[in-house]
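And the structure:
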């Protein structure tokens, strides 16, 4: 049952562009790309793209990897282009727009918690933290709406404040 809940949560979170983390430098796509370049193993990144996209990634990977021992500035440019291309193609597989690479640390906390649960193979701690967070947020939002509900007809401003909290 826990696996079903966890999988469902991952599917919901994974499809939300606002929660995407595949485009951040500490996300799984770039982490795999870094490992692939370090080990000269393109297979580590091919899971992030479709088979139809492989002809774009494999030659670019090989070119990038081949330039590692050359000019560091040139390699940095080519490496970034490889990462951008990989992430762009992956985002296409999700039906999402590519909006550039994001700095490490910009991933939403819920995604970081999900990643940690997967790494530690521990869904129980994740669910405890998630449920605690959801409980807190729902109670805060409810209390604000309940307080404004009492004064919503006193003025247009208070009515609008209620509607904003309610909707």
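Numbering (the working numbering), first residue to last: 24 to 190.
Think of the CB as a built atom: it goes at the ideal place given N, C-alpha and C, for glycine as much as any other residue.
Worksheet entry | Same chain, Cβ closer than 6 Å to residue 182, five either side skipped, listed in chain order | 175
Fill in: Beta carbon of residue 110 nearer than 8 Å to that of residue 46
yes
Discussion item. Just to confirm my understanding: we take residue 140, look at its own chain, exclude 5 residues before and 5 after, and list those with CB closer than 6 Å. What are they?
Written reply: 146, 149
Discussion item. Just to check my reading of the structure: residue 112 and residue 72 have Cβ atoms closer than 8 Å, yes? What is that Cβ distance to the nearest angstrom?
Written reply: 5 Å
Discussion item. For residue 162, tell me which candidate among 143, 188, 173 has the shortest Cα-Cα distance.
Written reply: 188
Worksheet item: Would DSSP call residue 207 helix, strand or coil?
Response: In the structure as shown, the chain begins at 24 and stops at 190. Residue 207 is therefore absent and cannot be evaluated.
Fill in: Length of the line joining the Cα atoms of residue 52 and residue 158
32 Å
Fill in: Beta-carbon proximity check, residue 102 vs residue 87, cutoff 8 Å
yes
Worksheet item: For residue 92, which of helix, strand or coil comes out of DSSP?
Response: In the structure shown, residue 92 sits in coil (DSSP, three-state: anything other than H, G, I, E or B).
Discussion item. Quick check: the Cα distance between residue 79 and residue 91, rounded to an integer number of angstroms?
Written reply: 19 Å
Discussion item. Alpha carbons only, please: which of 107, 128, 132 is nearest the one belonging to residue 120?
Written reply: 107
Worksheet item: What's the gap between the Cα of residue 167 and the Cα of residue 185?
Response: 8 Å
Worksheet item: Would you say residue 116 reaches chain C, if we count a Cβ-Cβ gap shorter than 8 Å as a contact?
Response: Here chain C cannot be found, since the structure has a single protein chain.
Worksheet item: residue 97 to residue 60, Cα distance in whole Å?
Response: 15 Å
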